Amino acid sequence: MQRRLFEEDHEMFRGIATEFNARAVAPHYARWDTDHMMSRDLWTAAGEQGLLGLAVPEEFGGMGMDDYRFRAVLDEEFARSNHLAVGLAFHLHDDLVLPHLLAYGSEDLKSRWLPGMVSGEKVTSVAWTEPGAGSDLRGIRTKAVRDGGDWLISGQKTFIGNGISGDASLVLARTDGGTGRGSHDSFSLFMVQKGDGYNTGKQLDKMGLKASDTAELFFDNVRVPHADLVGEEGRGLQYAAEQLPQGRLAIAVASSAVVRAVYEATVRYTKERNAFGERIIDFQNSRFVLADILTEVEVTEAYVDQAILAFNTGELDAGSAARAKLWASERAKSVTDRCLQLHGGYGYIMEYPVAQAYLAARLLTIFGGTNEIMRDVVGRTIAS
Ligand SMILES: Cc1cc2nc3c(=O)[nH]c(=O)nc-3n(C[C@H](O)[C@H](O)[C@H](O)COP(=O)(O)OP(=O)(O)OC[C@H]3O[C@@H](n4cnc5c(N)ncnc54)[C@H](O)[C@@H]3O)c2cc1C
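Quick note: the sequence shown uses our numbering, first residue 4, plus one each step.
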């Protein structure tokens with residue numbers, strides 16, 4: 004079926020994103036994958052091309068594009084070309100840090116961070132997860148304590164994308180002085196600069212998406228000015244919950260694009276390869292598998308496209324965003340697996356896009372809230 008989501012302006016933007024991807028990402032991606040780190044130049048090149056901080060208002064150096072279809076185009080292009088690590092890095096910066104600063108940041112915070120986030124001179128990360136708490140954010144133990152006009156932050160974070168390459172992190176810390184599991188108003192968000200003195204631990208060796216850096220962060224009485232508190236004290240969890248639909252929508256968009264790309268690559272492959280005197284696609288099993296997958300591709304796109312439009316009009320509620328993420332990421336996991344099988348032994352060789360997509364897609368059901376948590380979110384909306 005013909006998708007009707009995008010208009011001429013989005014397709015023009017896609018042309019820019021495709022050209023950027025071919026010029027600034029593709030020639031270097033294999034090296035970044037080996038280095039477990041992409042070049043910082045990529046960020047400034049993306050900034051020059053107008054690909055970062057699309058939603059930032061003009062007064063802070065952005066274009067004020069609040070139509071999520073443009074962000075979706077960018078996510079799709081990175082996912083389609085198996086450059087999901089770049090998509091992930093930009094996603095943390097633009098779908099997680101940025102919405103919090105736009106919605107709750109003071110004018111001072113916005114003027115200090117937004118122009119650099121748009122130009123790519125400032126790279127940001129989100130530091131919520133800890134070794135002892137991921138799904139259950141009320142269990143986090145990193146604490147921030149008032150000290151005159153400042154805060155002192157102590158604790159440890161893990162799995163932080165852009166943690167090594169980034170200049171600052173949006174840190175969730177406990178601010179009510181309590182121990183044990185906190186309540187909804189026990190936590191606050193801080194925009195903590197690397198220059199404030201937090202340390203990055205070792206690069207974590209991921210199974211896929213290796214071109215993006217992922218690390219532990221250590222805070223040992225890191226002194227942060229009160230001006231770097233984002234929004235009001237005690238509202239960190241509420242802010243995170245309010246902004247999570249965007250993050251989950253982005254994962255759904257990337258998942259949907261992976262599903263489409265892997266399906267198309269597998270159709271091509273099974274038309275080219277022969278066994279028993281026939282093309283692989285001519286076996287009834289192959290056609291049945293691909294028929295199921297094409298159906299899933301189109302159903303996924305239809306739901307995710309509706310979710311994008313709902314986000315644009317402010318109507319994407321937590322349950323719908325969770326369903327989009329749940330459905331699309333489960334499809335990405337299952338479709339990459341079935342397509343890999345149709346490639347036979349070549350599917351297991353990293354040179355083949357399906358092998359890279361299989362490893363990359365495995366993250367999609369885990370981060371941004373695991374799919375068990377998505378089911379919980381959806382289940383609660385049914386039960387309420
Ligand atoms: C590559 C990568 C990048 C990441 N990037 C970031 C980042 O940039 N910033 C950041 O803050 N975090 C990041 N994360 C962390 C990610 O969001 C967490 O891993 C995720 O939320 C799950 O938390 P956990 O790993 O602690 O698993 P746990 O919470 O320990 O969960 C373990 C298992 O128990 C299940 N479970 C937990 N609670 C329930 C429940 N109530 N009901 C049913 N099942 C449950 C989970 O679904 C899971 O299957 C990243 C993770 C990875 C792997």
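We put the beta carbon where it would ideally sit given N, CA and C, even for glycine.
Please read all numbers here as calculations on a predicted model, not as lab measurements.
Check	Outcome
Is the beta carbon of P356 closer than 9 Å to that of V256?	no
Measure the Cβ-Cβ separation of L45 and V59 and say whether it is below 9 Å.	no
Using DSSP with H/G/I as helix, E/B as strand and the rest coil, what is R177?	strand
To the nearest whole angstrom, what separates the beta carbons of G56 and L101, a pair I think is in contact under 8 Å?	6 Å
Thinking just about the alpha-carbon of each residue, which of E80, D199 and S387 is nearest to the one in M15?	E80
Return yes when the C-beta of E14 is under 8 Å from any heavy atom of ligand 1, and no when it is not.	no
Which parts of the segment 298-384 are runs of the alpha helix (DSSP H), unbroken and 4 residues or longer, counting only runs that do not cross its ends?	321-345 and 356-364
Can you check DSSP and say which residues form a bridge with P228?	D153
Flag this pair as yes or no: are the beta carbons of H39 and D208 separated by less than 9 Å?	yes
Would DSSP call D146 helix, strand or coil?	The sequence as given places Lys at residue 146; Asp does not occur at that position. It is a strand residue.
Would you tell me roughly how many angstroms separate the C-alpha atoms of G350 and Q344, rounded to the nearest one?	7 Å
Quick check: V225 and I156, are their CB atoms within less than 9 Å of each other?	yes
Mark D97 as exposed unless 16 or more other C-beta atoms lie within 10 angstroms of its C-beta, in which case mark it buried.	buried
Within the continuous beta strand (DSSP E) that includes G204, where are the two ends?	N202 to Q206
Have a look at A305, I376 and T178 and flag the residue whose alpha-carbon is nearest the alpha-carbon of G244.	The residue asked about is misnamed: residue 244 is Ala in this sequence, not Gly. The shortest Cα separation from A244 among A305, I376 and T178 belongs to I376.
When you compare the segment 71-80 with the segment 112-125, are there three or more beta-carbon pairs, one atom per stretch, that lie closer than 8 Å?	no
When every heavy atom of ligand 1 is checked, does at least one fall within less than 8 Å of the C-beta of A171?	no
Taking the continuous beta strand (DSSP E) assigned at S191, which residues delimit it?	F190 to Q196
Please classify T384 as buried or exposed, where buried requires at least 16 neighbouring CB atoms within 10 angstroms.	exposed
What are the start and end residues of the alpha helix (DSSP H) that includes A130?	Taken as a continuous stretch (DSSP letters only), A130 belongs to no alpha helix (DSSP H), being part of the beta strand (DSSP E) at T127 to A130.
In whole angstroms, give me the CA-to-CA distance for D308 and N24.	23 Å
If you follow the alpha helix (DSSP H) that K113 is part of, which residue opens it and which one closes it?	E110 to S122
For the putative contact between N165 and L95, defined by C-beta atoms under 8 Å, what is the C-beta separation to the nearest angstrom?	5 Å
Would you say the segment 305-320 touches the segment 356-371, given that touching needs at least three Cβ pairs under 8 Å?	no
With L329 and N374 assumed to form a contact (beta carbons below 8 Å), what rounded beta-carbon distance in angstroms separates them?	5 Å
Between T217 and ligand 1, is the CB less than 8 Å from at least one heavy atom?	yes
Considering only heavy atoms of ligand 1, does any lie closer than 8 Å to the CB of E375?	yes
Hey, which unbroken runs of the alpha helix (DSSP H) at 4 residues or more fall wholly within the segment 61-91?	71-83
Does at least one heavy atom of ligand 1 sit under 8 Å from the Cβ of F221?	no
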